[in-house]
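Engineer: Mind the numbering: the sequence shown is residues 0 to 462 in our numbering, read in order.
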Amino acid sequence: MQTRQFYLVLFILIYCNFSHSQSIQDLMDQVSSANLELYVSELSGEQATIINGVSQTITSRVHTNNDLAANYIEERLSSFPNLSVAVQEFNETGKNIIATQLGKTNPDAIYMICAHYDSVTDYCADDNATGVSAVLEIARILSQQCTNTTIIYALWDEEEIGLLGSQFYAQGAADESNGRERDNILGVINMDMIGFDGDAPGTDGDNDFDIDVRNIANSIAIKDDLLDILNSYDFDLNVTVVNPGTLASDHAKFWAEDYSAVLIGESWSTDDQTPNYHTADDRVGDLDFQYMTELTKLVTAYVSTKSGLMALDNTVEQTSNQLVSNETGASYQWYHCDTNTLIEGETNRAFTPSADGNYAVEVSNSSCSEMSPCVAFSTMSISEFTSEELGVYPNPTTSIIKIYNKKNEELRITIKDISGKALHSLNSNKQRIEVNLNDQSAGIYFVSISSNLKSSTFKMVKE
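1. Assess, as a yes-or-no matter, whether the region 426 to 433 is touched by the region 354 to 361 under the definition of 3 or more beta carbon pairs within less than 8 Å.
2. Which whole-angstrom value describes the C-beta separation of I184 and Y258, a residue pair presumed to lie in contact below a C-beta threshold of 8 Å?
3. Suppose the cutoff is 8 Å on Cβ atoms and the five residues either side in sequence are ignored; what does the same chain contact list for T304 look like?
4. With a CB to CB cut of under 7 Å and the five nearest residues on each side skipped, what residues in its chain are close to Q439?
5. I believe D249 touches L154 by the beta-carbon criterion, under 8 Å. Please report the beta-carbon distance rounded to the nearest angstrom.
6. Do the region 409 to 417 and the region 363 to 376 touch if we need at least three Cβ pairs shorter than 8 Å?
7. For a test of the three-state rule: what should DSSP assign to S324, helix, strand or coil?
8. If you measure between the beta carbons of T273 and T120, is that distance less than 8 Å?
9. I'd like the span of the alpha helix (DSSP H) that includes D224, first residue to last.
10. Helix, strand or coil, according to DSSP, for Y116 in the structure here?
11. Does the beta-carbon distance from S353 to E361 come in below 8 Å?
12. Assuming M190 and G130 make a contact with CB atoms under 8 Å, what is their CB distance in whole Å?
13. Which residues mark the beginning and the end of the alpha helix (DSSP H) in which W254 is found?
14. Give the DSSP bridge partners of H423, in chain order.
15. Does the count of Cβ pairs from the region 35 to 45 and the region 140 to 149 closer than 8 Å reach three?
16. Take F350 and list the residues in its own chain whose beta-carbon comes closer than 6 Å to its own, dropping the five residues that flank it on each side.
17. Rounded C-beta distance between A124 and D281? I'm assuming under 8 Å.
18. Per DSSP, what kind of secondary structure is N183 in: helix, strand or coil?
19. Note the first and the last residue of the continuous alpha helix (DSSP H) segment covering A354.
20. Can you name, in chain order, every residue of its own chain whose Cβ lies under 7 Å from the Cβ of K458, other than the five neighbours on each side?
21. In the DSSP assignment, find the unbroken alpha helix (DSSP H) run with S32 in it and report its ends.
22. Judging by CA-CA distance, which residue of D233, N394 and V298 is the nearest neighbour of C113?
23. Just the Cα atoms here: how many angstroms apart are Y403 and N437?
24. Look up E88 in the DSSP assignment and give the residues it is bridged to.
25. Could you check what DSSP says for Q332 in three-state terms: helix, strand or coil?
26. When the Cα atoms are used, what is the spatial distance from G344 to A310?
27. Measuring alpha carbon to alpha carbon, tell me which of F253, N81, G264 and V391 ends up nearest R181.
28. With DSSP as the reference, label S20 as helix, strand or coil.
29. Spatial neighbours of E293 within its chain, please: CB distance less than 8 Å, with the 5 preceding and 5 following residues excluded, ordered by chain position.
30. Quick one: give me the first and last residue of the beta strand (DSSP E) that F208 is part of.
31. Which same chain residues end up closer than 7 Å to V240 when comparing Cβ atoms and leaving out the 5 residues on each side of it in sequence?
32. Going by DSSP, what residue range makes up the alpha helix (DSSP H) through L76?
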């Protein structure tokens, strides 16, 4: 407070799992405490990181010497999909980092998540590497989604010497001179010092935090929406609403231009802020990352709700030998996450990996493109049916495929052509099942059969 592809390995570590449809809760669950701790450690100089392709340590974020921190933030944001990243210079030393995720149906409507990245001395982990890290983590998650409105992820410089970065931006956004239209910013969430809770880090405690608000524009409505989200999902947080809220952080510059804004931060109202404020003793070891994760989830839920997630399913299912996108009727491009490369020619909904590894698919329709989570594919991860459990015959066949379900298990059966296109699907627990291929031409087909515990795919020839 005041007085191009980023290492996909990290993406894999966070996302190597099986996903289902992306609800608000799903997105909240993707917030990684380990990832937040890594960002804070790198930004505060506790550990080296890769910047401009070289291992370096951010030794200072003081406004006169924070170019390395700015480069770090720019690189991380640039590594996420669907973001346009710009460096906004506003004086000889000051530079804001602005990442824009353009809305698909209402791009002129804007929600903003922001934090200042400058500091008053060395380290300053809580003030405000925590806020910056939360913005990066939310950008990592939401940049994978298509939204109706635009989201701006803003990191301000020179907050500590007068809120200069946010002032420059807010005044420019509100400028209506020379026929310019005022930017339609519907809500600003400013995060400043969100990592300290007075109880021992990682232990149960009060988890108090403040929402600072004033009756300016629709700021009270933002506060109300945040309270609704707190009551709608399971959070380990205790809120205090501070009204009138402090003017000592960047949200105040948006209030000054009659924009709706709130501050989210640790609880100064209950005297539960870091005792190492504005000193070099503000270090990572004093932070409570479980508490910080809860606050990051809260802002993730708010922005996801207000920006409007579009209905494109970017999740993937695995059979014994294939990965299949759950979105139908789209365009597809499969990627190898381990090498960060697209796989030439793999543009069907289903993909049969030639080797175990981590894979993702980019799913696109006329208005939206989303990258799936990376999925860890292994032919050993699902047991196959034995011949004592399942039979599929005759092979080759002229019309009928017969399936002998010897244990009367509930089976999911999908017939696909050689391109991976699903032709027929059914569920059955009958002992004898028949699938008619009379309407299909001669060729090679794949019969994928799965239960809750097992899966097998059979290559069949129709003559």
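C-beta atoms are modelled at their ideal positions from N, C-alpha and C, and glycine is treated no differently.
Structural biologist: Working from what's here:
1. no
2. 5 Å between Cβ atoms; contact.
3. I23, D224 and I228
4. L422 and K461
5. Not confirmed; about 10 Å, so no contact.
6. no
7. strand
8. With contacts defined by Cβ atoms closer than 8 Å, T273 and T120 do not form a contacting pair.
9. S218 to S231
10. coil
11. no
12. 4 Å
13. H250 to W254
14. I414
15. no
16. L322 and W333
17. 5 Å
18. The DSSP-derived three-state label of N183 is strand.
19. Here A354 belongs to no alpha helix (DSSP H), and DSSP marks it neither H nor E.
20. If we look at K458 and ignore the five residues flanking it on each side, its Cβ neighbours are I443 and F445.
21. S32 to L42
22. The option with the nearest alpha carbon to C113 is V298.
23. 20 Å
24. According to DSSP, residue pairing for E88 in a beta bridge involves K94.
25. strand
26. Rounded to whole angstroms, G344 to A310 spans 26 Å at the Cα level.
27. F253
28. Any reading at S20 must be qualified, since the residue scores a pLDDT of 44, below 50, and its modelled position is unreliable; no value is offered.
29. N206, F234, D235 and L236
30. D207 to D211
31. I210, V212 and K222
32. The continuous alpha helix (DSSP H) containing L76 extends over residues D66 to S77.
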